[in-house]
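Engineer: Have a look at this one before I ask anything.
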Amino acid sequence: MRRRLLPLLAAALLVVPAIPGAAHADPSYPFRDPHLSLQARVDDLVGRLTLDEKVSLLHQYQPAIPRLGISLFKAGTEALHGVAWSSDIDNGGAVVTADGTSFAQPVGLASTWDTALIERVGSAVGDEARGFHATNPRVWGLNLWAPVVNLLRDPRWGRNEEGYSEDPLLTGAISTAYGDGLQGGDPDHLKSAPTLKHYLAYNNEAGRDVTSSNVPPRVLNEYDRAAFRPALEANAATGVMASYNLVNGRPATVDPDLATLERGWSDYPLFNVSDAWAPTNLTGSQKYFSTQAEADAAVIKAGLNSFTVDDANGTPTVTAIQAALAHGLLTVHDIDVAVGQALSVRFRLGEFDPDGGPYAGIGPSVINSAANRKLARETADKAIVLLKNQNNALPLKPGGKVAVVGPLADTLYTDWYGGKLPYQVTAVDGIAERAGSVVSATGSDRIALRSVATGKYLAATDDAASVIADSAGAAAQFDADDWGQDVLTLKNVANGKYLGYNWGPFVTRDDQPNGWFVQQQFKLEPQADGTVAIRYAGYETTESWFGPNRYLTIDPDGKLALGSPDVAGAARFTKEVLRSGIDEAVAAARTADTAVLVVGSQPFINGREAHDRTTTALGAGQAALVKAVKAANPRTIVVLQTSYPDSIGWEQQNVPGIIWTTHAGAETGHAIADVLYGSYNPAGRLTQTWYRSDSQLPADLLEYDIIKSRQTYLYSRQTPLYPFGYGLSYTNFRYGKPGVGHGKVTLTVTNTGKRDGDEVVQLYTHQRTSRDTTAVKQLRAFQRVHLKAGQTKTVSLALSPADLKRWDQTRSRWVVESSVYDILIGASSGDIRQRTSIAVRGETIPARDLARPTRAETFDDYAPGVKLLDESKAAGTSVGSSAAGQWIAFKDARLGATFTAQVASLKATTIQVRLGSPTGKLLGTAPVAATGDVYKYAAATVPLGRASGHQDVYLVFGDALRVSTFSIR
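Under mature numbering (1 follows the signal peptide of the UniProt record, and there is no 0), the letters of the sequence shown match residues -25 to -1, 1 to 944, in that order.
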């Protein structure tokens, strides 16, 4: 979701009344009786509302209704890994950032593989949500927009840190645990109301509101939907947020799943919300509807209950819905259903109970409590993954001199969905508590930029930036950090603030790179004459509305300006390196017993919401720093602190010890030291594949068909840098022979080392025979087990034949095929310690019966360029071709004598029916008439030549068209 960019409308213009008015309510109203059923209470309240009141409650800011004692209700407080931020309706909609407990980023939470821990984390976040709510309920709503359960299919996705894993089972388990904790354990009431983000198949930021995810039925059901289903089936979430993108040609905001499929997974009414401004995309960037009344009607019919649009101003939404009612696009019944679902979560939160429910007494004292700080450290400890430990380079011995160097050595960064850190323990801080002495260096070049034209230096003047200094004093010195992809940040030495753009003047006033557009990004472009030009690289420069100027110039008064569209008109500067960051780091490393090099990512740069990464490589400057420090001190340990996997092949080959942590909150430095010095034995495991290089990834980030493109550990046959589930320990574990029976797999695990430690036992299966391509291996169960040195425990992992089901696209249902299934148990997907197998007597998928009407989308294979598209704006999926010669295939099919298809096309074309291949035997060519509309279908038919038996049928398209169904009978 995107935070506010411009000031909001004044409170006087808002639809939302400012005064709750609960004191005027009649306490005898049945909807206030907690002894009645949830549905009875909802029905009573809906029955008391006027139509205008009902419509007003469909906006994100549900207004107060004083006559019924109903207060303002705001949907959406961000709480991805701690309460993060909200907006203040009484202060022009200003963003308010929380200063509570910030836990590890979600990819780090999942790296614990510890569902019991994550439920405790969720409970702590739920407590703090209640605590903030107690301070100001008009700011801190209890409908939380978390967790994110989009799968980490491709590590270049900008929002990688927000998700849990590339695996749907692990994602489902962690999201269920977090949701359970957020909700609390009361059977009838909610501590807070978690919302799963973002439904569905959303893994790219570039063009996210206009690109369509091409997801065939097997991938849709086995992968993308499978990540959302567990938390909803466990009643561990109260709704979903629809994603910005289109799925198979239809905007997710009007995906009919929201009204049908996913509501069937839960025992409770769901409160589904739009992402910020997404309803207006339907008439804007997506051009899906011509009027907002049509769009909003479709949104409601599709199953969304809350319009996150126009900030706190509900008037446009109310106006559009009223127009939809007036034109017959919606009925009062549609409104009653939608508002009833919207209100159901408020009942479960205890809002309409006389005593406020069992969680009403939680107050601000829980915020950043000692218990939560302790939990944050435990979580950060358990999330760390030991990637390499050659010759027992780790753990370190206490004492000695340690050089702690690198751009993340002595600073912690927050991310877009994190709050303010109430305190900070950096790697330097944590290591200093264990080492005899510490020397620190950032590894960043300290530079001065001197104007070629004036001879003056760029300097910080108060919080501004001007080229006025006569010498390179502290105000004219900047520490340049290289975050990869040629992007630098420039931190002023005198005031410790970052150089940034501010929609006019350049300033030096930001504590860290942040904001929606991250206006603290620059590129220093070398010129042929040895000078540099400064290119502004804030994210808004990629927007269509941003002006042409990208390069910095100098105004007559010395102030920096964004004054040139090209380098020819840019101001030229001489870059004076006052201190080499590498030289400083090398000097520190040479004097130390051990060098700890802390490198990684800045969470706002090169990978975050709205901006994908272009590469998985570590930034060139940081890579050079690692090589130099390692050359200076062979006892170098790399601490990689990132929001995503990096391709660190050189480091893996040459550095003796490597640990990975995500940005893990205020306790990050303690956790790093805990693991480096062995007071905590690392047991985190990777939740996604770490690739050797970009060449192991698809060329196109929009390749969503993981089966055909063989993505993720599930289908890839490549050898990665680190496999899914990977992580080392300071001890060793032996796996006993497994036994299978009674719905579980049982084995013993023994800690054969001299240290206590945790092992994450992972169970995978592989189906030996199938009609279709199946996974190389697939995670079916896991358990994190603590074992004392020398201890043996029996581990039981649930596995039944029903767990082996997959989607049968030929019949559009789940199936367990008859096959031998290998059971693979190990420490990662690439480290299998024990194997056994079971023979399952399931089904044999019969030959396709194409005499029945067959959905074209259920093909077995398809040509490049074929897309899945919306059959209509309301429901259904068609197959679309964009060029002659594209095809879809249906294998092992019984044939008939006549081919008939329902086809939409803007011009006359053909469909060929061929056998065996796209160029195989031609049985017939069906002429396709122009229907004049991509949503208007007509029959295309042709008698076929003789063919017998079961054949592979190929439909070869003559030109652009859409096919919804066909038959051969």
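In this text, a Cβ means the ideal position worked out from N, Cα and C, and glycines have one as well.
In this structure, how does DSSP classify Ala(-4) when only helix, strand and coil are distinguished?
Structural biologist: Locating residue -4 in the sequence shown gives position 22, counting from the first residue. Low confidence applies to Ala(-4): its pLDDT is 41, below 50, so where it sits in the model is not reliable, and the reading given next is rough at best. Note: Ala(-4) maps to helix in three-state DSSP.
Engineer: Within the same chain, show all residues whose beta-carbon is closer than 6 Å to that of Ala469, passing over the 5 residues directly before and after it, in chain order.
Structural biologist: Here residue 469 corresponds to residue number 494 of the sequence shown, with the count starting at 1. The residues are Ala435, Ala449 and Ala450.
Engineer: Leaving out the 5 sequence neighbours to the left and right, which residues in its chain are closer than 8 Å to Gly(-5) when beta-carbon positions are compared?
Structural biologist: Residue -5 sits at position 21 when you count from the first residue of the sequence shown. Caution is warranted here: a pLDDT of 37 is assigned to Gly(-5), below 50, making its placement in the model unreliable, and the coordinate value is therefore given only provisionally. Cβ within range, chain order: Ala39, Ile40, Pro41, Arg42, Gly44, Ile45 and Ser46.
Engineer: Hey, could you find the ends of the alpha helix (DSSP H) Phe322 is sitting in?
Structural biologist: Working through the sequence shown from its first residue, we reach residue 322 at position 347. Val307 to Arg323 is the extent of the alpha helix (DSSP H) around Phe322.
Engineer: Can you give me the C-alpha to C-alpha distance between Pro169 and Gly116, rounded to a whole angstrom?
Structural biologist: Along the sequence shown, one-based indexing puts residue 169 at 194. Along the sequence shown, one-based indexing puts residue 116 at 141. The alpha-carbon atoms of Pro169 and Gly116 are separated by roughly 11 Å.
Engineer: Assuming Pro757 and Leu774 are in contact, meaning their beta carbons sit under 8 Å apart, how far apart are those beta carbons, in whole angstroms?
Structural biologist: Here residue 757 refers to the residue found at position 782 when the sequence shown is read from its first residue. Here residue 774 refers to the residue found at position 799 when the sequence shown is read from its first residue. Looking at the sequence provided, one finds Phe at residue 757 rather than Pro. Wrong, their Cβ atoms sit about 11 Å apart, outside the cutoff.
Engineer: From Val664 to Val70, what distance separates their C-alpha atoms?
Structural biologist: As a first step, residue 664 is located in the sequence shown; it is residue number 689 there, counting from the start. As a first step, residue 70 is located in the sequence shown; it is residue number 95 there, counting from the start. Reading the sequence as shown, one finds Thr at residue 664 and not Val. Cα to Cα, the separation comes out at about 36 Å.
Engineer: Determine which residues share a DSSP beta bridge with Val573 and list them.
Structural biologist: Residue 573 sits at position 598 when you count from the first residue of the sequence shown. According to DSSP, Val573 bridges with Val614.
Engineer: In whole angstroms, what separates the C-alpha of Ala508 from that of Leu499?
Structural biologist: Translated into the one-based positions of the sequence shown, residue 508 becomes position 533. Translated into the one-based positions of the sequence shown, residue 499 becomes position 524. So the two alpha carbons sit approximately 6 Å from each other.
Engineer: Report all residues from its chain with a CB closer than 6 Å to the CB of Gly933; omit the five preceding and five following residues, and keep chain order.
Structural biologist: Walking along the sequence shown from the start, residue 933 turns up at place 958. Hits under 6 Å: Ala859, Thr884 and Thr885.
Engineer: Go ahead and pull the three-state DSSP assignment for Leu696.
Structural biologist: Counting from 1 along the sequence shown, the entry for residue 696 is found at position 721. Looking at Leu696 - three-state DSSP - the assignment turns out to be coil, as it is neither helix nor strand.
Engineer: At the level of alpha carbons, what is the spacing between Leu754 and Ala313?
Structural biologist: The count along the sequence shown starts at 1 and reaches residue 754 at position 779. The count along the sequence shown starts at 1 and reaches residue 313 at position 338. Between Leu754 and Ala313, the C-alpha separation is close to 38 Å.
Engineer: Bridge partners of Gln753, per DSSP?
Structural biologist: For the purposes of this step, residue 753 is taken as the residue at position 778 of the sequence shown. For Gln753, which the question treats as bridged, DSSP gives the partners Thr740.
Engineer: Determine the contact status of Phe78 and Ala99, defining contact as a CB-CB distance below 9 Å.
Structural biologist: Counting from one through the sequence shown, the residue named residue 78 turns up at place 103. Counting from one through the sequence shown, the residue named residue 99 turns up at place 124. Closer than 9 Å, so yes.
Engineer: Which of helix, strand or coil does DSSP assign to Ala(-14)?
Structural biologist: Residue numbering aside, residue -14 sits at position 12 when the sequence shown is read from its first letter. Because the pLDDT of Ala(-14) is 32, which lies under 50, any placement of that residue in the model is unreliable, and the question is left without a value.
Engineer: In terms of alpha-carbon separation, which member of Ala402, Lys466 and Phe203 lies closest to Pro122?
Structural biologist: Start at 1 with the first residue of the sequence shown, and residue 122 comes out as number 147. Nearest C-alpha to Pro122: Phe203.
Engineer: Nearest to Tyr796 by alpha carbon, out of Ala814, Gln616 and Pro839?
Structural biologist: One-based indexing of the sequence shown puts residue 796 at position 821. The shortest Cα separation from Tyr796 among Ala814, Gln616 and Pro839 belongs to Ala814.
Engineer: Suppose contacts are defined by Cβ-Cβ distances below 9 Å. Is Tyr688 in contact with Gly702 by that definition?
Structural biologist: As a position in the sequence shown, residue 688 is number 713, starting the count at 1. As a position in the sequence shown, residue 702 is number 727, starting the count at 1. Judged by their CB atoms, Tyr688 and Gly702 are not nearer to each other than the 9 Å cut-off.
Engineer: Which of helix, strand or coil does DSSP assign to Thr228?
Structural biologist: Start at 1 with the first residue of the sequence shown, and residue 228 comes out as number 253. Helix.
Engineer: Could you tell me which whole alpha helix (DSSP H) segments of length 4 or greater appear in the stretch 523 to 575?
Structural biologist: 556 to 565
Engineer: Who are the Cβ neighbours of Ala85 in its own chain at under 6 Å, not counting the five residues just before and after it?
Structural biologist: Indexing the sequence shown from 1 puts residue 85 at position 110. Once the five neighbours on either side are set aside, the close Cβ partners of Ala85 are Tyr139, Ser140, Ile149 and Thr662.
Engineer: Considering just the uninterrupted stretch of the beta strand (DSSP E) at Arg352, what are its terminal residues?
Structural biologist: For the purposes of this step, residue 352 is taken as the residue at position 377 of the sequence shown. Not the beta strand (DSSP E): Arg352 falls in the alpha helix (DSSP H), residues Ala345 to Ala358.
Engineer: Put Arg889 into one of helix, strand or coil per three-state DSSP.
Structural biologist: Residue 889 sits at position 914 when you count from the first residue of the sequence shown. Three-state DSSP puts Arg889 in a strand.
Engineer: Is His717 helix, strand or coil when you go by DSSP?
Structural biologist: Taking the sequence shown and counting its residues from 1, the one referred to as residue 717 is at position 742. Coil at His717, not helix or strand.
Engineer: Quick check on this structure: which residue in Asp845, His761 and Leu696 has the alpha carbon closest to the alpha carbon of Ser804?
Structural biologist: Taking the first residue of the sequence shown as position 1, residue 804 is located at position 829. Comparing Cα positions, the closest option is Leu696.
Engineer: Over what stretch of residues does the beta strand (DSSP E) that includes Val379 continue unbroken?
Structural biologist: Looking up residue 379 in the sequence shown gives position 404. Residues Lys376 to Val380.
Engineer: When DSSP labels each residue in this structure, what does Asn726 get in the three-state scheme?
Structural biologist: Locating residue 726 in the sequence shown gives position 751, where the first residue counts as 1. Looking at Asn726 - three-state DSSP - the assignment turns out to be strand.
Engineer: According to DSSP, simplified to helix, strand and coil, what is Trp391?
Structural biologist: The count along the sequence shown starts at 1 and reaches residue 391 at position 416. In the structure shown, Trp391 sits in coil (DSSP, three-state: anything other than H, G, I, E or B).
Engineer: DSSP has Pro169 in a bridge; who is on the other side?
Structural biologist: The sequence position of residue 169 within the sequence shown is 194, counting from 1. For Pro169, which the question treats as bridged, DSSP gives the partners Leu119.
Engineer: Put Val928 into one of helix, strand or coil per three-state DSSP.
Structural biologist: On the sequence shown, residue 928 is found 953 positions in, with the first residue counted as 1. It is a strand residue.
Engineer: Identify every run of the alpha helix (DSSP H) within the stretch 244 to 285, keeping only runs that are complete inside it and at least 4 residues long; order them along the chain.
Structural biologist: 253 to 256 and 267 to 277
Engineer: Taking the alpha carbon of Leu919 as the reference point, which residue from Arg510, Lys896 and His56 has its own alpha carbon closest?
Structural biologist: Position 944 of the sequence shown, counted from the start, is the residue given in the question as residue 919. Considering only alpha carbons, the answer is Lys896.
Engineer: Less than 9 Å between the C-beta atoms of Tyr334 and Gly556, yes or no?
Structural biologist: Here residue 334 is taken as the residue at index 359 of the sequence shown, counted from 1. Here residue 556 is taken as the residue at index 581 of the sequence shown, counted from 1. No. Outside cutoff.
Engineer: Using a Cβ-Cβ cut-off of 8 Å (strictly less than) and excluding sequence neighbours within five positions of Leu825, which residues of its own chain qualify?
Structural biologist: The residue labelled residue 825 in the question sits at position 850 within the sequence shown. Taken in chain order, the residues that qualify are Phe865, Ala868, Arg869, Leu870, Gly871, Val928, Phe941, Ser942, Ile943 and Arg944.
Engineer: Between Gly411 and the rest of its own chain, which residues show a CB-CB distance below 7 Å, the 5 nearest in sequence each way excluded?
Structural biologist: Taking the first residue of the sequence shown as position 1, residue 411 is located at position 436. Result list for Gly411: Gly374, Gly375 and Lys376, in chain order.
Engineer: How would you label Val307, buried or exposed, when you count the other beta carbons within 10 angstroms and need 16 or more for buried?
Structural biologist: Locating residue 307 in the sequence shown gives position 332, where the first residue counts as 1. It is exposed - the Cβ of Val307 has fewer than 16 other Cβ atoms within 10 Å.
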